Amino acid sequence: MSAHPAGPTGPIGPTGSATTPTTFDDLLAEAEAAPTEGWDFSWFEGRATEARPSWRYAEAMAERLARAEASLDIQTGGGEVLASAATLPPLAVATEGWPANVAKATALLHPRGVAVVASPEDAPLPFADGAFDLVTSRHPVRARFDEIARVLRPGGTYFAQHVGPASVFEVVEYFLGPQSEEVRNGRHPDRERAEAETAGLEVVDLRAERLRMEFFDIGAVVHFLRKVVWMVPDFSVEKYRPRLRELHDRIQTEGPFVAHSARHLFELRKPVRA
Numbered sequence: 001m002s003a004h005p006a007g008p009t010g011p012i013g014p015t016g017s018a019t020t021p022t023t024f025d026d027l028l029a030e031a032e033a034a035p036t037e038g039w040d041f042s043w044f045e046g047r048a049t050e051a052r053p054s055w056r057y058a059e060a061m062a063e064r065l066a067r068a069e070a071s072l073d074i075q076t077g078g079g080e081v082l083a084s085a086a087t088l089p090p091l092a093v094a095t096e097g098w099p100a101n102v103a104k105a106t107a108l109l110h111p112r113g114v115a116v117v118a119s120p121e122d123a124p125l126p127f128a129d130g131a132f133d134l135v136t137s138r139h140p141v142r143a144r145f146d147e148i149a150r151v152l153r154p155g156g157t158y159f160a161q162h163v164g165p166a167s168v169f170e171v172v173e174y175f176l177g178p179q180s181e182e183v184r185n186g187r188h189p190d191r192e193r194a195e196a197e198t199a200g201l202e203v204v205d206l207r208a209e210r211l212r213m214e215f216f217d218i219g220a221v222v223h224f225l226r227k228v229v230w231m232v233p234d235f236s237v238e239k240y241r242p243r244l245r246e247l248h249d250r251i252q253t254e255g256p257f258v259a260h261s262a263r264h265l266f267e268l269r270k271p272v273r274a
């Protein structure tokens, strides 16, 4: 998921199974008490699953970081994905806009020599033109392709995994009702490709997949919506308690609540000018 808390929906554990049944109230209380900082999704183990994209973003990112001279990770969340790389460039910087995640990322990444900069996700990047040969991001809330192009060196690369259109909208529309086509297609890869090309970046690779998710209990749904706050922006247990109760009963009788996340992989290049 990167950044706001960190960007947009974060991945849930790849494996899991139904938890021992507990009461509706107990599940809600447990989910409300769970911390939501950073992009650690280990809380979901055994409670929810999300299939992983075939391109293995973290591994591919790590390979590029090992070859880079200066890198920037945008909307790093709690820094967990960047920290998973075995080798970092001589100069490595990360930005994050959510205060709780800035503190978490700083604690995790500073020992690795990474400078963490507090920067709102919609603000211009606070770096000089051509400062980096590699810019990365996993699940940015919004990619500012004009700013990415500006801070990349000629020949530099933007390598990122984005959240795609109508991602996890089975959950969104359960609580908010049917969404317009404009909202459903707001993060369409074709639209983002056009924005990147307008900013002067060349598309080297663009791949998209839809991935199955399963929520095994209502606590997992509540924790997901508390952690990924832009999915149902006005979410609270108190406000949506009747709908939560209905969904709890449905999961108890019918099994896991199934949704589908959307992800696309971007590899963009800043052309080398004569």
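Residue 101 in full-length UniProt numbering sits at position 101 of the sequence shown, with consecutive numbering throughout.
For glycine and all other residues, C-beta sits at the position ideal for the given N, C-alpha and C.
In this text, all values refer to a predicted model and were calculated from it rather than measured experimentally.
Taken through DSSP and simplified to helix, strand or coil, D122 comes out as coil.
Residue burial is scored here from C-beta neighbours: D73 has at least 16 other C-beta atoms within 10 angstroms and is therefore classed as buried. Counting C-beta atoms within 10 angstroms of its own C-beta, Q252 has fewer than 16 neighbours from the protein chains shown and is therefore classed as exposed.
With fewer than 16 other Cβ atoms inside 10 Å of its own Cβ, A115 counts as exposed. By alpha-carbon distance to G155, the top candidate from L125, Q179, A143, V272 is V272. Between A100 and H223 the beta-carbon gap is near 16 Å, outside 8 Å, which marks them as no contact.
P189 and A208 have their alpha carbons spaced roughly 8 Å apart. A distance below 7 Å separates the beta carbons of E121 and V141.
Across the set S167, F216, P242, S84, the C-alpha of S84 shows the shortest separation from the C-alpha of Y57.
Taking T36 as reference, the option from L225, P89, G79 with the minimal CA-CA separation is L225. The beta carbon of V151 sits closer than 8 Å to those of L72, L125, F127, A128, D129, G130, A131, F132, V135, all from its chain and outside the five residues before and after it, given in chain order. Per DSSP, the unbroken alpha helix (DSSP H) holding Q252 starts and ends at 241-254. Counting only residues of its own chain and dropping the five nearest sequence neighbours on each side, P233 has no CB closer than 6 Å to any other CB. 7 Å or more divides the Cβ of A48 from the Cβ of G78.
Shown here, V141 sits in coil according to DSSP, grouped into three states, outside any helix or strand. In the DSSP assignment, T198 falls within the unbroken alpha helix (DSSP H) covering 189-198. Following the DSSP letters along the chain, one finds A259 in no alpha helix (DSSP H) but inside the beta strand (DSSP E) bounded by residues 257-269.
Linking V117 to S137 through their CA atoms gives a straight-line distance of about 14 Å. A straight line joining the alpha-carbon of H260 with that of G200 spans about 32 Å.
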